[in-house]
Amino acid sequence: MDKLLFGISGLPISSGLKTINYASGIQYIKSIGLDAMELLFVRNVNVTDKNRDKILEAKVENNIYLSAHGSHYINLNADEQKKQDLSIERIIKAMEGLLAVKGRSLVFHPGFYLKDSKEETYNTIKENLMKLPYKGVDYRLETTGKRTQFGTLEEIVSLCKEIKYCKLCIDFSHIHARGNGTLKGYRDFVKILEYVCKELGRPVLDDLHIHMGGISYNETGERNHLPLLESDFNYVECLKAIKDFDVKGCIILEGPLVEKDAILLKNTYSKL
Ligand SMILES: [Zn+2]
Numbered sequence: 007m008d009k010l011l012f013g014i015s016g017l018p019i020s021s022g023l024k025t026i027n028y029a030s031g032i033q034y035i036k037s038i039g040l041d042a043m044e045l046l047f048v049r050n051v052n053v054t055d056k057n058r059d060k061i062l063e064a065k066v067e068n069n070i071y072l073s074a075h076g077s078h079y080i081n082l083n084a085d086e087q088k089k090q091d092l093s094i095e096r097i098i099k100a101m102e103g104l105l106a107v108k109g110r111s112l113v114f115h116p117g118f119y120l121k122d123s124k125e126e127t128y129n130t131i132k133e134n135l136m137k138l139p140y141k142g143v144d145y146r147l148e149t150t151g152k153r154t155q156f157g158t159l160e161e162i163v164s165l166c167k168e169i170k171y172c173k174l175c176i177d178f179s180h181i182h183a184r185g186n187g188t189l190k191g192y193r194d195f196v197k198i199l200e201y202v203c204k205e206l207g208r209p210v211l212d213d214l215h216i217h218m219g220g221i222s223y224n225e226t227g228e229r230n231h232l233p234l235l236e237s238d239f240n241y242v243e244c245l246k247a248i249k250d251f252d253v254k255g256c257i258i259l260e261g262p263l264v265e266k267d268a269i270l271l272k273n274t275y276s277k278l
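Residues 7 to 278 (our numbering) make up the sequence shown, in order.
Encoded structure:
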């Protein structure tokens with residue numbers, strides 16, 4: 007990618023439009039200066055034969071980058087094989103929904119440790135990821151915010167190293183929450199980008215998918231999303247590190263203020 011895009015997760019909230027759907031939402035976010043939308047397939051794949059053409063038309067016309075967030079019910083380390091297979095099916099269905107509207111990146115949380123060791127979990131998840139077909143949509147494994155979830159930065163980076171169609175989705179707020187507030191200043195963000203660059207190579211920073219937003223947490227990790235200005239997540243220093251590393255790709259804002267906070271990120275970044 008030749009630049010860094012800013013976008014929202016799901017539909018915008020303050021468009022004033024009577025009917026807000028993916029197609030009208032895409033037009034609206036373009037009109038306010040945003041560049042990307044992450045479709046929410048968390049409950050079901052809501053790109054269907056009915057709305058597909060309109061979404062694609064709006065996407066192409068407005069030159070908007072599309073990604074999607076996969077189901078919350080994915081667990082590639084579920085106890086039963088049947089449930090693991092169902093998770094793979096869910097990922098494939100989401101990938102196909104996103105492919106139909108020319109989306110680029112399917113983001114998901116790979117699974118939970120349950121009673122397994124970290125190593126066992128890693129191996130099971132890896133085996134299952136290797137069963138996914140590659141059709142041009144990148145599988146973006148997200149760093150997760152709860153300690154019961156598989157998905158430390160190291161785990162995700164290692165999987166990306168081993169499976170070439172798996173790519174990184176860095177959720178900085180999740181990393182912060184998982185560590186009970188570890189990301190305090192500029193150096194903390196720099197360390198993450200240095201690590202990614204060292205392990206996966208510079209090209210990864212030229213096409214990175216990033217999640218960011220205000221977040222509340224406790225010793226078990228993530229609790230819920232918050233407006234940026236009501237959280238201790240240091241988005242200014244995070245954006246500084248991103249700018250200093252000349253990161254390109256896409257930043258998706260997650261949080262209750264949706265496009266308002268996405269604009270805050272974009273404006274803050276452009277003034278740095
Ligand atoms: Zn997520």
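For glycine and all other residues, C-beta sits at the position ideal for the given N, C-alpha and C.
Computed from a prediction, not measured in an experiment: that's the story for all the values here.
Chain-order list of residues whose beta-carbon lies under 6 Å from that of residue i (same chain, five-residue window excluded)
| i | result |
| --- | --- |
| Ile305 | Residue 305 is absent from the model: the chain starts at 7 and stops at 278. |
| Tyr28 | Ile61 |
| Thr127 | Asn83, Tyr119, Phe156 |
| Ser15 | Glu44, Ile258, Glu260 |
| Gly31 | Leu17, Pro18 |
| Phe178 | Met218, Cys244 |
| Met7 | Asp213, Lys254, Gly255 |
| Val143 | Met101, Leu104, Leu105, Leu112 |
| Asn230 | Ser222 |
Selected residue, minimal CA-CA separation from residue i, among the options
| i | options | result |
| --- | --- | --- |
| Ile216 | Asp55, Gly76, Asp91, Val253 | Val253 |
| Phe4 | Lys108, Ile32, Lys36, Asp41 | This structure does not reach residue 4, given that the chain is present from 7 up to 278, and the question cannot be answered. |
| Val53 | Val107, Tyr71, Gly16, Leu138 | Val107 |
| Lys56 | Ile14, Lys190, Gly103 | Gly103 |
| Ile176 | Ile35, Tyr79, Glu95, His115 | His115 |
| Met101 | Ser179, Asn68, Phe47 | Phe47 |
| His78 | Leu92, Asn129, Leu105 | Leu92 |
| Ile38 | Met7, Val210, Lys24, Ile70 | Ile70 |
| Glu160 | Ser21, Asn230, Glu236, Glu125 | Glu125 |
| Thr226 | Lys24, Tyr140, Gly151, Ile80 | Gly151 |
| Lys36 | Arg58, Glu67, Val143 | Glu67 |
| Gly187 | Lys277, Leu112, Ser237, Gly22 | Ser237 |
| Thr154 | Lys170, Asp122, Lys132 | Asp122 |
| Lys141 | Gly109, Ile131, Leu199 | Gly109 |
| Ile198 | Asn129, Asn50, Asp250 | Asp250 |
Other residues of its chain near residue i: CB distance less than 7 Å, five sequence neighbours each side excluded
| i | result |
| --- | --- |
| Cys172 | Leu135, Tyr145, Leu147, Leu165, Cys166 |
| Leu234 | Gly219, Gly220, Tyr241, Gly261, Asp267, Leu270 |
| Leu6 | Nothing about residue 6 can be reported from this structure: the residues present for the chain run from 7 to 278 only. |
Neighbourhood of residue i by C-beta, 8 Å cutoff - its chain only, sequence neighbours within 5 removed
| i | result |
| --- | --- |
| Val163 | Leu174, Tyr201, Val202, Glu205, Leu206 |
| Ile80 | Ser93, Arg96, Ile97, Phe114, His115, Pro116, Gly117 |
Residues passing the C-beta test against ligand 1 heavy atoms, cut-off 7 Å
After applying the 7 Å Cβ criterion, the set is His75, Val113, His115, Glu148, Asp177, His217.
- Evaluate contact between the segment 60 to 67 and the segment 85 to 98, counting only Cβ atoms and requiring at least three cross-stretch pairs below 8 Å. Cβ pair count under 8 Å is below three, so no.
Validate contact between the segment 181 to 197 and the segment 215 to 230 using beta carbons, cut 8 Å, 3 pairs: Because the criterion of three Cβ pairs below 8 Å is met, the segment 181 to 197 and the segment 215 to 230 touch.
Assess contact between the segment 269 to 277 and the segment 239 to 256, defined as three or more Cβ pairs (one per stretch) separated by less than 8 Å. Is contact present?
By the Cβ criterion, the segment 269 to 277 is in contact with the segment 239 to 256, since at least three pairs of Cβ atoms, one from each stretch, lie closer than 8 Å.
Going along the chain, which unbroken runs of the beta strand (DSSP E) with 3 or more residues stay wholly within the segment 29 to 86?
-> DSSP runs (the beta strand (DSSP E)) wholly in the segment 29 to 86: 42 to 46, 71 to 75.
Residue ranges of each alpha helix (DSSP H) within the segment 101 to 163, 4 or longer: The qualifying runs are 124 to 135.
Which runs of the alpha helix (DSSP H) spanning at least 4 residues fall entirely within the segment 175 to 212, listed in chain order?
-> If you keep only unbroken alpha helix (DSSP H) runs of at least 4 residues inside the segment 175 to 212, you get 178 to 184, 192 to 206.
Going along the chain, which unbroken runs of the beta strand (DSSP E) with 3 or more residues stay wholly within the segment 247 to 274?
Segments of the beta strand (DSSP E) lying fully in the segment 247 to 274: 255 to 259.
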